[in-house]
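These notes are about the structure you will find just below.
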Amino acid sequence: MRIISIDKPKGWTSFDVVRFIKRQFQEKKVGHLGTLDPMATGILPVFLGQATRLIPLFNYVDKTYRAVCKLGESTDTFDAEGTVTETHDAMYLNPEEVT
Numbered sequence: 002m003r004i005i006s007i008d009k010p011k012g013w014t015s016f017d018v019v020r021f022i023k024r025q026f027q028e029k030k031v032g033h034l035g036t037l038d039p040m041a042t043g044i045l046p047v048f049l050g051q052a053t054r055l056i057p058l059f060n061y062v063d064k065t066y067r068a069v070c071k072l073g074e075s076t077d078t079f080d081a082e083g084t085v086t087e088t089h090d091a092m093y094l095n096p097e098e099v100t
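The opening residue of the sequence shown carries number 2 in our numbering; numbering runs sequentially from there.
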């Protein structure tokens with residue numbers, strides 16, 4: 002049984018990682034826990050072969066995500082990939098102003 006943790010690079014989908022692992026390990030059955038957006042980076046647990054049977058056991062385990070964000074900018078796509086359209090002083094934001 003093999004379970005590996007992959008640091009998913011920005012621009013890759015979780016399925017891109019699975020496809021890469023299938024080729025590298027010549028394994029037919031590969032699955033992952035959770036899904037990270039293509040623009041996100043982070044650890045993606047990947048299960049190979051018989052280990053894929055363990056994936057359902059993790060559905061009921063609490064997961065923790067950490068994020069870094071930049072406040073005070075708006076973009077034309079409403080994400081980090083877009084062109085900045087507005088800049089605001091975020092130094093004195095209160096929680097009600099953050100959406």
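Don't be surprised by glycine CBs; every beta carbon is placed ideally from N, CA and C.
Predicted model, so just to flag it, every value in this text is computed and none were measured.
Here's a check: name, in chain order, each residue in its chain whose Cβ is nearer than 6 Å to the Cβ of residue i, leaving out the five neighbours to either side.
{"i": "residue 83", "result": "76, 77"}
{"i": "residue 31", "result": "19, 22, 23, 49"}
Using alpha carbons as the reference points, say which of the options lies closest to residue i.
{"i": "residue 33", "options": "53, 43, 67, 21", "result": "53"}
{"i": "residue 96", "options": "72, 81, 42", "result": "72"}
{"i": "residue 46", "options": "27, 3, 29, 91", "result": "3"}
{"i": "residue 35", "options": "26, 25, 27, 62", "result": "62"}
{"i": "residue 29", "options": "80, 85, 51", "result": "51"}
{"i": "residue 17", "options": "26, 39, 27", "result": "39"}
{"i": "residue 86", "options": "93, 74, 92, 37", "result": "74"}
{"i": "residue 81", "options": "41, 90, 98, 25", "result": "41"}
Applying the criterion that 16 or more other CB atoms from any shown protein chain within 10 Å of the CB defines a buried residue, is residue i buried or exposed?
{"i": "residue 58", "result": "exposed"}
{"i": "residue 11", "result": "exposed"}
{"i": "residue 6", "result": "exposed"}
Which residue marks the beginning of the beta strand (DSSP E) containing residue i, and which one marks its end?
{"i": "residue 3", "result": "3-9"}
{"i": "residue 62", "result": "Here residue 62 belongs to no beta strand (DSSP E), and DSSP marks it neither H nor E."}
{"i": "residue 49", "result": "43-49"}
Within the continuous alpha helix (DSSP H) that includes residue i, where are the two ends?
{"i": "residue 19", "result": "15-26"}
Please go through the same chain and pick out, in chain order, the residues whose beta-carbon is closer than 7 Å to the beta-carbon of residue i, but skip the five residues on each side of it.
{"i": "residue 89", "result": "73"}
{"i": "residue 37", "result": "9, 15, 43, 45"}
{"i": "residue 93", "result": "none"}
Kindly examine the ligand GTP and report whether one of its heavy atoms sits closer than 7 Å to the Cβ of residue i.
{"i": "residue 42", "result": "This structure does not include the ligand GTP; it has no bound ligands of any sort."}
Which same chain residues end up closer than 8 Å to residue i when comparing Cβ atoms and leaving out the 5 residues on each side of it in sequence?
{"i": "residue 26", "result": "3, 49"}
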